[in-house]
Amino acid sequence: MPDQPNRKLKILYHHRVAAQDGQSVHIRELVSAFERQGHEIIFVGPSIRPSSLGEENRALKFIRKALPKFAQELLELLYGVRAYFKLKAAFEQHQPDFLYERYNLFLPAGSWLRKKTGIPYFVEVNAPLSDERAEYSGLALKGLAKRFERETFRNADRLFPVSQVLADIICQMGASPERITVLHNGIIPSEYASADGTHLRDSLGMQGKVVLGFVGFIREWHRLDRVIQVLSHHGTNPDLHLLVVGDGPAVADCKELADQIGVAHRTHFVGFQDRSAIPDHLAAMDIALQPAVTDYASPLKMFEYLISGLATIAPDQPNIREILSHDETGVLFDPDNFDQAEEAIVRLSQDENLRVRIGLAGKDLIRSRKFTWDNNAQEICTLAEQHLDS
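The sequence shown begins at 956 in our numbering and counts up by one.
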């Protein structure tokens, strides 16, 4: 772990996240870590956000349905201009030590403030957003988005991508390698120390069963239908159950399939849960599934699986191999061959010693690799202090 910063810092924290999802969890946990270390946070971000996990701003949902993409993107840029003036006002009022920004498209406010005031500018990067949006939802003003993206990466004093794969991508977009520090997502270990899944197991009839679990927003590409088929084909030796924490468009079909093939009594969909309830739900599991992940992500739920001591099954791809080693701290499968994931489920369900060994090794990985929000906050502030003293 880096040396503890010698002084308390005043951090101007800027983001444009208006949903309650994994992004908001990341923001909340990192900010809490900053505050635990005595730093002062000045927030600049959206003023209206939904209260429930899994929701997004209703006005934004309406805009996405009602307006063409180029108009939506112009509104994003107008928001970015407004955000600049809010940032500038916060800078003048509070005189922060540095600006920490969660990168987003059409959001040049932080870069502009850096050029205007010289404030040290630190940028967290969670995805190559211009390419991501162009591929998955379409991008009308791609040239403009690329321009602002390059400007952000060029003007940042320090960039914090969440994986080395992402670091390599943003270098190709113009980021300077010497300004990059990879910080994977993390966890707060103490929140999981007293987790107890006994009551949940009892209430769902899973006492003495082997429980495979999944946490997150459930879409078709998570392939839980294939997992439910595993319950039918292999799930009685031992008695394998599936616990799904979350919701999404694929849930209804999964429930219908489980009923059709006679395993509904061994599939448990408990919906979205409050963050405080997640540790106990994980403690009710034996095996955890990370069925799919983008090529550059650092999946939040995987760190939750690891700290819970679960034998974790995940795709064998470079960003996951930055974290897990096959048959040591997890079980990896070819992302283009889900048969391997099914085989891993069966193997772990039938070999208690293997799943316990892998689960304990994964849990120790959190400690040895310092995959914690406190470590991330400390490293960011140490680098900020070094920058301020240079």
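Backbone N, C-alpha and C fix where the C-beta goes; we use that ideal spot for every residue, glycine too.
Nothing here was measured: the structure is a model prediction, and the numbers come from that model.
Classification of residue i by the beta-carbon crowding that lies within 10 angstroms, buried from 16 upward
| i | result |
| --- | --- |
| S1066 | buried |
| A1207 | exposed |
| S1006 | Here the model assigns S1006 a pLDDT of 49, short of 50, so the residue's position is not dependable, and the following value carries that caveat. Exposed, because fewer than 16 other Cβ atoms sit within 10 Å of the Cβ of S1006. |
| F1103 | buried |
| W1328 | buried |
| M956 | Confidence in M956 is poor, its pLDDT being 44 and thus under 50, which makes the residue's placement unreliable; the coordinate value appears in the next sentence. With fewer than 16 other Cβ atoms within 10 Å, it is exposed. |
| N1274 | buried |
| Q1341 | exposed |
| P1193 | exposed |
| Y1091 | exposed |
| A1100 | buried |
| V1286 | buried |
| E1028 | buried |
| G1317 | buried |
| H1177 | buried |
| A1038 | buried |
| V1165 | buried |
| L1303 | buried |
| F1350 | The requested residue 1350 does not occur in the structure, where the chain is confined to residues 956 to 1345. |
| G1073 | exposed |
| G1129 | exposed |
| F1326 | buried |
Under 8 Å between C-beta atoms of residue i and residue j
| i | j | result |
| --- | --- | --- |
| V1181 | F1293 | Looking at the sequence provided, one finds Arg at residue 1181 rather than Val. Yes. |
| L967 | A1095 | no |
| D1235 | D1157 | no |
| Q1245 | V1200 | no |
| I1242 | L1279 | no |
| I1135 | L1159 | no |
| L1167 | L1212 | no |
| L1084 | L1068 | no |
| N1140 | H981 | yes |
| R1088 | H970 | no |
| I1300 | E1259 | no |
| Q1119 | E1277 | yes |
| F1172 | G1203 | yes |
| M1257 | A1269 | yes |
| H1049 | K965 | yes |
Cβ distance (whole Å) where residue i is taken to contact residue j below 8 Å
| i | j | result |
| --- | --- | --- |
| D1052 | A1339 | 6 Å |
| F1077 | A1111 | 7 Å |
| V1117 | N1081 | 6 Å |
| L1315 | G977 | Not really, about 26 Å apart at Cβ, beyond 8 Å. |
| K1041 | V999 | 5 Å |
| I1262 | P1075 | At roughly 32 Å, the Cβ-Cβ gap does not stay under 8 Å, so I1262 and P1075 are not in contact. |
| L1186 | T1222 | 7 Å |
| F1108 | I1125 | 6 Å |
| I1142 | I1335 | Between I1335 and I1142 the Cβ distance is about 17 Å, and since that is not below 8 Å, they are no contact. |
| G1035 | A1064 | 5 Å |
| C1209 | L1237 | Not quite, the Cβ-Cβ distance comes to about 20 Å (not below 8 Å), so this is no contact. |
| V997 | V986 | As written in the sequence, residue 997 is Ile, which differs from the Val given in the question. Rounded, the Cβ-Cβ distance is 11 Å, inconsistent with contact. |
| A1252 | P1290 | That pair is no contact at about 13 Å. |
Boundaries (first-last residue) of the beta strand (DSSP E) holding residue i
| i | result |
| --- | --- |
| V1199 | 1195 to 1200 |
| A1266 | 1266 to 1270 |
| L1277 | This sequence places Glu at residue 1277; Leu is not what is there. Segment: none, E1277 is in no beta strand (DSSP E) and carries neither H nor E. |
| Y968 | 965 to 969 |
| P1116 | 1113 to 1116 |
| Y1076 | 1076 to 1080 |
| R1057 | 1053 to 1057 |
N- and C-terminal bounds of the alpha helix (DSSP H) containing residue i
| i | result |
| --- | --- |
| K1101 | 1097 to 1110 |
| T1337 | 1328 to 1344 |
| R1324 | 1307 to 1324 |
| G1000 | Looking at the DSSP string, G1000 is not in any alpha helix (DSSP H), and its letter there is neither H nor E. |
| A1064 | 1064 to 1072 |
| A1207 | 1206 to 1215 |
| I982 | 977 to 991 |
Contact test: residue i Cβ vs the ligand NAP heavy atom, cutoff 7 Å
| i | result |
| --- | --- |
| K1020 | The ligand NAP is not part of this structure, which contains no ligands at all. |
Any chain B beta carbon closer than 8 Å to residue i
| i | result |
| --- | --- |
| C1336 | Absent from the structure is chain B; it holds one protein chain and no more. |
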